[in-house]
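Student: Numbering (this note's numbering), first residue to last: -11 to 50.
Using N, Cα and C, we set each Cβ at its ideal position, and we do this for glycine too.
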Amino acid sequence: MRDKHLRLDQQRLSKVKKVLRARTETEALHAAMDRVLADADIDRALRQVKGKVNVEPVFEPK
């Protein structure tokens, strides 16, 4: 782990902290980065199966 000095938008950071229910700003940033990395993994997996599988709806639209 390294110390970093960043210029961040405090309003956005406070919103992220609230949305993610983080106790600290550091925890909020770590959680946000974890979500970005998880989204990248999902995106990569979906691109690998693109055109190779059929997806059928599970729920009928109302």
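#1: Can you tell me whether M21 is helix, strand or coil according to DSSP?
#2: Grab the span of the alpha helix (DSSP H) containing L1 for me, first residue to last.
#3: Would you call K3 buried or exposed, if buried means 16 or more other Cβ atoms sit within 10 Å of its Cβ?
#4: Would you decide whether K5 is buried or exposed? Buried here means 16 or more other CB atoms lie within 10 Å of its CB.
#5: Less than 8 Å between the beta carbons of A19 and L34, yes or no?
#6: E13 by DSSP, collapsed to three states: which one?
Tutor: Straight from the coordinates:
#1: Judged by DSSP in its simplified three-state form, M21 adopts helix.
#2: L1 -> alpha helix (DSSP H) spans -2 to 7.
#3: Classification for K3: exposed.
#4: Counting every other CB atom within 10 Å of its CB across the protein chains shown gives K5 a total of 16 or more, marking it as buried.
#5: In terms of Cβ geometry, A19 and L34 do not form a close pair [threshold 8 Å].
#6: Three-state result, E13: helix.
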